[in-house]
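At position 79 of the sequence shown (counting the first as 1) the number is 285 in our numbering, and the numbers step up by one without a gap. Glycine included, every Cβ here is placed at the ideal spot set by N, Cα and C.
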Amino acid sequence: MIKHVGLLKRNPKLTHAEFRDHYERVHAKIGEKYLKGRATKYLRRYLTPLVDETYGVEGDHGFDIIMELWFENEEIYHDTLRHITTPEASAEIIADEEFLFDRSANRFFTVDETESDLGSPGAG
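What follows is the structure in structure tokens.
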């Protein structure tokens, strides 16, 4: 399984509520249009900064959402890249991204996950 994540920053002209509303009503639908039948999962995790004076954590942390795309294998991932970078798809995606995001702040990664087995809650 191949997992890609994007740490995405909203356009500062949008409130958090406007950003989330537009992402779900418009941008996610564009994503679904081009990812359907290719990606295994398309997740959006909206972030709320935890402010904690004890640790000196204050305000904005730089990103508003973690976007995850899961693919069965590298071949499907590369096929998807070819599909979403056609002139038609690129034009539609980029036009909405320019409204929705501060594109210069967005960062993308491939994720290699390792999970710890913590047992059941309450188990000694």
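When we look at the beta-carbon of Asp270 and count the other beta-carbons within 10 Å, is it buried (16 or more) or exposed?
Residue 270 sits at position 64 when you count from the first residue of the sequence shown. By the neighbour-count rule (16 or more Cβ atoms within 10 Å), Asp270 is buried.
Just verifying my parser: in three-state terms, what is the DSSP assignment at Arg288?
On the sequence shown, residue 288 is found 82 positions in, with the first residue counted as 1. In this structure, DSSP gives Arg288 a helical state, which the three-state scheme calls helix.
Let me know the secondary structure DSSP gives Leu220 once reduced to three states.
As a first step, residue 220 must be located in the sequence shown, where it is residue number 14. Coil, per DSSP.
Proximity winner among Ser326, Thr316, Leu256, relative to Asn279 (alpha-carbon distances):
Within the sequence shown, numbered from 1, the residue matching residue 279 stands at position 73. Among Ser326, Thr316, Leu256, the Cα nearest to that of Asn279 is on Thr316.
If you drop the 5 nearest sequence neighbours on each side, which residues of the same chain put their C-beta closer than 6 Å to that of Leu241?
The residue labelled residue 241 in the question sits at position 35 within the sequence shown. Cβ neighbours of Leu241 beyond the five flanking positions: Tyr248.
Closest residue to Ile272 among Ala329, Ile208, Arg216 (Cα-Cα distance)
Within the sequence shown, residue 272 is the residue found at index 66, counting from 1. Nearest of Ala329, Ile208, Arg216 to Ile272, Cα basis: Arg216.
From the DSSP secondary-structure annotation, give me the bridge partner or partners of Leu249.
Here the question's residue 249 lines up with position 43 in the sequence shown. In DSSP, Leu249 forms a bridge with Glu274.
Rank Gly237, Glu304, Asp318 by C-alpha distance to the C-alpha of Pro218 and give the top, closest one.
Locating residue 218 in the sequence shown gives position 12, counting from the first residue. Nearest to Pro218 by alpha-carbon distance, out of Gly237, Glu304, Asp318, is Glu304.
Can you give me the C-alpha to C-alpha distance between Ser310 and Arg250, rounded to a whole angstrom?
As a first step, residue 310 is located in the sequence shown; it is residue number 104 there, counting from the start. As a first step, residue 250 is located in the sequence shown; it is residue number 44 there, counting from the start. Their Cα atoms are separated by approximately 19 Å.
Can you tell me whether DSSP reads Lys239 as helix, strand or coil?
As a first step, residue 239 is located in the sequence shown; it is residue number 33 there, counting from the start. Lys239 sits in a helix when the DSSP states are folded into three classes.
Element boundaries [alpha helix (DSSP H), containing Phe305]
As a working note, residue 305 is residue 99 in the sequence shown. DSSP places Phe305 inside the alpha helix (DSSP H), whose first and last residues are 293-306.
Is Phe269 helix, strand or coil when you go by DSSP?
To locate residue 269, count along the sequence shown from 1; it is residue 63. Coil, per DSSP.
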